[in-house]
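Notes follow the structure.
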Amino acid sequence: MGLRAEVSGPEHGSLGARVRAARLAPYQAVIGAKEAAGDEVALRLRDGRALDAMPAAEALARIGGLVEARAAALWEPAS
Numbered sequence: 040m041g042l043r044a045e046v047s048g049p050e051h052g053s054l055g056a057r058v059r060a061a062r063l064a065p066y067q068a069v070i071g072a073k074e075a076a077g078d079e080v081a082l083r084l085r086d087g088r089a090l091d092a093m094p095a096a097e098a099l100a101r102i103g104g105l106v107e108a109r110a111a112a113l114w115e116p117a118s
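Under this note's numbering, the first residue of the sequence shown carries the number 40, and numbering increases by one thereafter.
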């Protein structure tokens, strides 16, 4: 899909510290034990919104579509 990703594990501090350190990234995928068990991701957007957990494939497809379309919006509601 041509997307770049950076993994920040527990060796980089607490979850809160890692989220604050990446606050300028357009998308943060938070994957805890619950999300990993269901193959889901909980997204946080640069504008401060936190989205409910969704299937990882759906999140990647939607982000990839927005990037490909060069959309100004970070997230579009599901249609």
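Here a beta-carbon is modelled for each residue, glycine too, at the ideal position from N, C-alpha and C.
Endpoints, the alpha helix (DSSP H) within which residue 107 is located: Residue numbering aside, residue 107 sits at position 68 when the sequence shown is read from its first letter. Counting along the chain, the alpha helix (DSSP H) containing residue 107 begins and ends at 95–107.
Figure out for me which residue from 42, 69 and 41 has the closest Cα to the Cα of residue 49. Locating residue 49 in the sequence shown gives position 10, counting from the first residue. Residue 69 is the option with its Cα nearest to residue 49.
Can you tell me which residues form a DSSP beta bridge with residue 79? Reading the sequence shown from its first residue, position 40 is the one you call residue 79. Paired residue(s): 94.
Assign residue 98 to one of two classes, buried (16 or more other C-beta atoms within 10 Å of its C-beta) or exposed (fewer than that). Counting from 1 along the sequence shown, the entry for residue 98 is found at position 59. Label assigned to residue 98: buried.
Per DSSP, residue 89 forms a beta bridge with which residues? Mapped onto the sequence shown, residue 89 falls at position 50. In the DSSP output, where bridge partners are listed per residue, residue 89 has 83.
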